[in-house]
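Undergrad:
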Amino acid sequence: MLTWLGIPLLVIGSMIGIGGLGLLAFGTTTQLYSATFGVAAALGLVTSRNVVWQAGWQRHGLRWPYLLALVAAGVALDGQELPSWLAVTLGVPCLLLLVRTLRKLPTLDADGGCAETRDLIST
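Under the numbering used here, think of the first position of the sequence shown as 91, with each following residue one higher.
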């Protein structure tokens, strides 16, 4: 479950870092967009079906408020600017950690049981 909590944050960091990489050459700032947070929330929603929840209330009491908080943060931070060097410094490690995390993400079988780990990047 802790891995699932980190995936949306790694997506946000990766997207900001990739965007800042191109802007770093021009010496301009990197702007935050609410769509970045929306994509992260959507990926969190998709990957949440792979989580083995410890209790039934967690699926609704933790999953939905967390994803809605990401969307709300995106709306609140829309238009904020970061120095591009900071965006790249934070974003590149986020991207590497995101790829590593997605490669080891467990998936569910069609019958609801936990399947063996599969490589999401190569499929």
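Even for Gly, the Cβ is constructed at its ideal location relative to N, Cα and C.
By how many angstroms is the C-alpha of Phe-127 removed from the C-alpha of Leu-160?
TA: Here residue 160 corresponds to residue number 70 of the sequence shown, with the count starting at 1. Here residue 127 corresponds to residue number 37 of the sequence shown, with the count starting at 1. So the two alpha carbons sit approximately 6 Å from each other.
Undergrad: Spell out a yes or no on whether the region 174–187 and the region 128–143 are touching, meaning 3 or more CB-CB pairs, one atom from each, closer than 8 Å.
TA: Contact fails: fewer than three Cβ-Cβ distances are below 8 Å.
Undergrad: Taking DSSP as the reference, what is the three-state secondary structure of Arg-193?
TA: The count along the sequence shown starts at 1 and reaches residue 193 at position 103. Reduced to three states, the DSSP call for Arg-193 is helix.
Undergrad: Quick check: the region 144–151 against the region 104–116, are at least 3 beta-carbon pairs closer than 8 Å?
TA: Touching, no.
Undergrad: Quick check on Leu-158: buried or exposed, where buried means 16 or more other Cβ atoms within 10 Å of its Cβ?
TA: Within the sequence shown, numbered from 1, the residue matching residue 158 stands at position 68. The residue in question, Leu-158, is exposed, as its Cβ has fewer than 16 Cβ neighbours within 10 Å.
Undergrad: Let me confirm a value: Ala-166 is counted as buried when at least 16 other C-beta atoms fall within 10 Å, else exposed. Which label applies?
TA: On the sequence shown, position 76 is the one that residue 166 refers to. Answer is exposed; the Cβ neighbour count stays below 16.
Undergrad: Would you identify the three-state DSSP class for Thr-118, choosing helix, strand or coil?
TA: Taking the sequence shown and counting its residues from 1, the one referred to as residue 118 is at position 28. In the structure shown, Thr-118 sits in coil (DSSP, three-state: anything other than H, G, I, E or B).
Undergrad: Per DSSP, Leu-172 forms a beta bridge with which residues?
TA: Position 82 of the sequence shown, counting from 1, holds the residue named residue 172. Thr-120.
Undergrad: Verify whether the separation of the beta carbon atoms of Met-122 and Asp-168 is less than 8 Å.
TA: By 1-based counting over the sequence shown, the position of residue 122 is 32. By 1-based counting over the sequence shown, the position of residue 168 is 78. It should be noted that the sequence gives Leu, not Met, for residue 122. Yes, the pair counts as a contact, with Cβ atoms nearer than the cut-off.
Undergrad: Just the C-alpha distance for Ser-138 and Gly-164, rounded to the nearest angstrom, thanks.
TA: In the sequence shown, the residue the question calls residue 138 occupies position 48. In the sequence shown, the residue the question calls residue 164 occupies position 74. Cα-Cα distance, rounded: 20 Å.
Undergrad: At what residues does the alpha helix (DSSP H) containing Trp-154 begin and finish?
TA: Residue mapping note: residue 154 aligns to position 64 of the sequence shown, counting from 1. First-last of the alpha helix (DSSP H) with Trp-154: 153–167.
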